[in-house]
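*Asks:* All residue numbers for the sequence shown refer to this note's numbering, where the first residue is 235 and numbers rise by one.
I have a structure I would like to understand better, so I am pasting it below and will then ask my questions one at a time.
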Amino acid sequence: MTEFDKNRPRRPAPLEGGRVIAIRGAREHNLKNIDLEIPRDRLVVFTGLSGSGKSSLAFDTIYAEGQRRYVESLSAYARQFLEMMQKPDVDQIDGLSPAISIEQKTTSRNPRSTVGTVTEIYDYMRLLWARVGVPYSPATGLPIESQTVSQMVDRVMALPEGTRLYLLAPVVRGRKGEYRKELADYMKRGFQRVKIDGKFYEIAQAPALDKKFKHDIDVVVDRVVVRSDLATRLAESLETALKLADGLAVVEFADTPAASSFEDQGGAKKTAKIHDRSGPQRLVFSEKFACPVSGFTIPEIEPRLFSFNNPFGACPACGGLGVEQHIDPDLVIPDRDRTLRGGAIAPWAKSSSPYYTQTLLALGKHYKFTLDTKWKDLPKKTQEGILYGSGEDAIRFVYDDGLRSYETRKPFEGVVTNLERRWRESESDWAREEMAKYFTDIPCAACKGYRLKPEALCVRVGGQHIGEIADMSVRRAGEWFTQLPQALSAKQNEIAVRVLKEIRERLKFLVDVGLEYLTLARASGTLSGGESQRIRLASQIGSGLTGVLYVLDEPSIGLHQRDNARLLETLKRLRDLGNTVIVVEHDEDAIRTADHVLDIGPGAGIHGGHIVAQGAVDDLIAAASSLTGKYLSGEMAVTIPERRPRNARRMLTLVNARGNNLKSVNAEIPLGLFTCVTGVSGGGKSTLLIDTLYKAMARKLNGASEAPAPHDRIEGLEHLDKVIDIDQSPIGRTPRSNPATYTGAFTPIREWFAGLPEAKARGYEPGRFSFNVKGGRCEACQGDGVIKIEMHFLPDVYVTCDVCKGKRYNRETLEVLFKGKSIADVLDMTVEEALEFFKAVPRVRNVLELLHRVGLDYIHVGQQATTLSGGEAQRVKLAKELSKRATGRTLYILDEPTTGLHFHDVKKLLDVLHELVEQGNTVVVIEHNLEVIKTADWIIDLGPEGGDGGGEIVAAGPPEAVVKEKRSYTGAFLKPVLGRRASERRRRTEAAE
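This is the structure in structure tokens:
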């Protein structure tokens, strides 16, 4: 037993007479064989330094075992569809429930996934519109009424005499199944032919259908030719078809694959709508819904009609995505101040071929300009000719590639037109990736961005179609659904009562977790990790499960202090349903609200993995070795530095920013200072700082092509030479990327090993010590260290490579040692261990020192990039920036850099950020953490609310000025924090006297 174990605080008595989760011998990652008991049906917070072992205990031990046991209880058939976790390194866990993990990861990158679909609110909305919606004619604006058989007969009889038609009953429309029994039944009833998936068959010879695919089946009721004496027979056949297909009948033209002669006679306006699927021309009739004036017909009003993920509801023009890709002229010409010779046309700027220059010379002779003319100075007609082509005007082109010379006269295709054609024709992924830089998404012209076909958008509830409600914010939609019953009839209310209850409850849950500013149509891929996590949290409350173990990872990320109380109430409600809620969290309010707190530490990495203290907050404060307790008691604190003065002559000014919800914002950022952009969630912080300022500056200073959000201009750029967004995206996409390769530490490490006497004697170069290339790596696993084995009905198994034993290198390479350690041993060291190991090697030590300073002592030098959290990846990037030579003219932008950081880690991070400012640079962060905000030289507070209620600068200035602004929520929460600082100063002054 270690000295630490002897002094460890005694575990408090479990609650409710032994209703606990009992863990014995947990050793996953850096956990030190710990034993503990966690009370069930309580809100439990795990806290501690980054890397202390919180996630190892919460996710990799407790959740992994709970999920594994549940999946193991299912049948082999069910298990093949579920990912089963590996058994954690623990002796025993008792008292576990089925576990659900709610982590900070983006819900889905699928462009078809929205807030509405993820929360299932949109599914209930589809049901509501299908059951109580009223269809309106786009032509007349009047409600669409049902068609009678007589009206259908009249429509068909209006066709040209001699037209050959099939009368079909669409009995199966886009549904899975084999339908053997149904086909046999139709045959018994006297029907001979069917049309299956676009082809006609005798029923007796119909092919066997794959039950896993969707099919269309039409029964051929009759084959007719339009004649004056057809009416009686046609009426009987239509009645038969309507009975078979639940009120639907289709008339298909036997000889007319597209719009034909009757359309020329004006008949198209009087007939039923032509079905928009490819193939023969079809007229769709319905006993239920048809416009008597335009003939606009809705085949069915079912929930799938309102699904943009189903071909029956999706807009045929955009496929249900709501957007179309078009070449953006502003991306083709990113800088209008450039000359044509200076690379004004971005797609042509990087090419070394003389072809483009010679093309521009020919265009210059035709349109009367020189290559030294700035793009903005060219006449509008000339600009359009270069971008979209010369039309029918033939231009004389002379080309000389050094080998041959030739001349041609032809119209010029245009840069944009050429890109669009090459995009359509190219099969090269690389070429398409290059051209994709110049495309942008614009709302679909056909559906106006609503994603649905016209038939769906003509159905209204309370005067609104489903797309208009999906475009509302969660708060506005909640108000609309609350008032909706007043606009419905008694019968409609009776039908809708349960559906409306579900919708209103789910919308309220989203409001409770601080997401009232999101729209239901917002794509899931655009949500932050914190927003995605809170959406899943709201969905879980809506599910009403009890007896479940929930494990959450920092749900307060991205949440303003104003919304924190609502989030904590939501977590308590989840607990009160009869669930155990374990939260990995650093937020002080969450720690103080918890029923039970576990502080894991005392340090990070090898210095962590112990239970430092557990119980109530007072137990943490009483524990001498608890860093968390020291910060909670006020014994330790993040100190506020002296404010740096603002130089009014060195300001960066963003003029008239109006992207998303920004309301013509003019923002001033003082250069050479530490600035915090604050405000409630959805207030417009990311739109202002990332989508507008960063993208506009990156285009000007770094030559980036991505288009910024709308704004007029940026003033003060002459004071800066580069802008860097240190975000939380991964530092690499593959497991081969690691902190050593990203920061550049791996190169001097390999060079050091290559310079050792043994390596020199063998003739090894630095490349020998890379696991990415042949030579020194193990070829059995190609430098991965593991081999993947696919298992049916079980998760894929990764087994350690038999040849290299997981070392990644071959035997000869591993024989080169420094201080008794091989290159593989070095990669397996933590940053702290490697720093001591290479203390006499300055080139390596200096880079590792930076990782140490940003609080990443505990990560391994060769740790796979894919295993790093967003916050860890961001700090690795910050360390890399610190290693670069300071110019004092750089703007650094960071979005919530305190994600995943303990109070003590925040203190370290702030030291680094303030050091960057001391070098003359400008640092701007988006942040909700009051410990960071109070240290800022300048604050820009956006709001006052989220979504439509935000987008304004509520307050700007030093923290002491912001707290005086009554409209600022940030100021209200910051005031007591600054007040504590003043009282501490008085106390220190009195003590000194």
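The beta-carbon is built from N, C-alpha and C at its ideal position, and this holds for glycine as well.
In whole angstroms, give me the CA-to-CA distance for R800 and L277.
*Replies:* Rounded to the nearest angstrom, the two C-alpha atoms are 15 Å apart.
*Asks:* Bridge partners of F908, per DSSP?
*Replies:* In DSSP, F908 forms a bridge with V1157.
*Asks:* Counting C-beta neighbours from all protein chains within 10 Å, is the total for G432 16 or more, i.e. buried, or is it exposed?
*Replies:* exposed
*Asks:* DSSP three-state label for S495, please.
*Replies:* Low local confidence applies: a pLDDT of 32 at S495 is under 50, so the model's placement there is unreliable, with the coordinate-based value given in what follows. Three-state result, S495: helix.
*Asks:* Using only CA atoms, which one of G1180, S289, H945 and V1060 lies nearest to Y751?
*Replies:* Y751 has its Cα closest to that of G1180, out of G1180, S289, H945 and V1060.
*Asks:* On the three-pair Cβ rule with 8 Å, is the stretch 569-581 touching the stretch 941-955?
*Replies:* no
*Asks:* DSSP three-state call for H449: helix, strand or coil?
*Replies:* strand
*Asks:* Just the Cα atoms here: how many angstroms apart are K994 and C1012?
*Replies:* 21 Å
*Asks:* So, with DSSP's three-state summary, where would you put A524?
*Replies:* If DSSP states are grouped into helix, strand and coil, A524 belongs with the strands.
*Asks:* What's the gap between the Cα of F293 and the Cα of I791?
*Replies:* 18 Å
*Asks:* Which residue wins for smallest C-alpha separation from E1262, given the options D419, E1161, T1133 and L1069?
*Replies:* Lying outside 235 to 1227, the shown extent of the chain, residue 1262 is not represented and no answer is given.
*Asks:* Going by alpha carbons, who is nearest to F1242 out of E876, T1156, W664 and G778?
*Replies:* Limits of the chain in this structure are 235 at one end and 1227 at the other, which puts residue 1242 out of reach.
*Asks:* Run the CB neighbour count on G1213, radius 10 Å, all protein chains shown included, and call it buried at 16 or more, exposed below.
*Replies:* exposed
*Asks:* Among T573, S587, K584 and S586, which residue has its Cα nearest to the Cα of G598?
*Replies:* T573
*Asks:* By alpha-carbon positions, which one of I903, G1184, E876 and R892 ends up nearest to R883?
*Replies:* I903
*Asks:* Looking at the C-beta of E952, does it have a partner C-beta in chain C at a distance below 9 Å?
*Replies:* In the structure shown, chain C cannot be found, because there is only a single protein chain.
*Asks:* Under 8 Å Cβ to Cβ from S347, same chain only, skipping five residues before and after it: list those, please.
*Replies:* T341, A757, S758 and G759
*Asks:* Would you call R709 buried or exposed, if buried means 16 or more other Cβ atoms sit within 10 Å of its Cβ?
*Replies:* Buried, because 16 or more other Cβ atoms sit within 10 Å of the Cβ of R709.
*Asks:* Going by beta-carbon coordinates alone, are L1116 and H1094 separated by less than 9 Å?
*Replies:* no
*Asks:* Could you tell me whether the stretch 299-313 touches the stretch 851-859, where touching means 3 or more Cβ pairs closer than 8 Å?
*Replies:* no
*Asks:* Expressed to the nearest angstrom, what Euclidean distance is found between the alpha-carbon atoms of R1045 and C1038?
*Replies:* 7 Å
*Asks:* Looking at the unbroken beta strand (DSSP E) that takes in G631, where does it start and where does it end?
*Replies:* With the sequence shown as reference, residue 631 is identified as Phe, and Gly is not the correct amino acid for it. Taken as a continuous stretch (DSSP letters only), the beta strand (DSSP E) holding F631 covers A628 to D634.
*Asks:* Determine whether the beta carbon atoms of L686 and S331 lie at a separation below 9 Å.
*Replies:* If you check the CB distance, L686 and S331 do not come in under 9 Å.
*Asks:* CA-CA distance, A866 and E1194?
*Replies:* It is worth fixing the name first, because residue 866 is Leu in this sequence and not Ala. C-alpha separation (whole angstroms): 24 Å.
*Asks:* DSSP beta-bridge partners for K644?
*Replies:* I629
*Asks:* According to DSSP, is G285 helix, strand or coil?
*Replies:* coil
*Asks:* Report, in whole angstroms, the separation of the C-beta atoms of T353 and A772, which I expect to be a contact under 8 Å.
*Replies:* 6 Å
*Asks:* Please report how far the alpha carbon of I437 lies from the alpha carbon of Q426, in whole angstroms.
*Replies:* 6 Å
*Asks:* What does the alpha-carbon distance come out to for the pair D571 and K1111?
*Replies:* 33 Å
*Asks:* Mapping the DSSP letters down to three states, classify H945 as helix, strand or coil.
*Replies:* coil
*Asks:* Strictly by DSSP, which residues pair up with F673?
*Replies:* Per DSSP, I561.
*Asks:* With DSSP as the reference, please indicate the residues paired to P1301 in a beta bridge.
*Replies:* An answer regarding residue 1301 cannot be provided, because it is not within the stretch 235 to 1227 covered by the chain.
*Asks:* Quick one: residues in its chain with C-beta nearer than 7 Å to the C-beta of I355, no 5 flanking neighbours on either side, listed in chain order?
*Replies:* I737, R740, L741 and L754
*Asks:* What does the alpha-carbon distance come out to for the pair G978 and S1202?
*Replies:* Rounded to the nearest whole angstrom, the C-alpha separation of G978 and S1202 is 43 Å.
*Asks:* Starting from S867, trace the alpha helix (DSSP H) in both directions and tell me its first and last residue.
*Replies:* L861 to S867
*Asks:* Which ranges would you report for the alpha helix (DSSP H) in the stretch 914-990 if only whole runs of at least 4 residues count?
*Replies:* List check, alpha helix (DSSP H) in window: 973-977 and 980-988.
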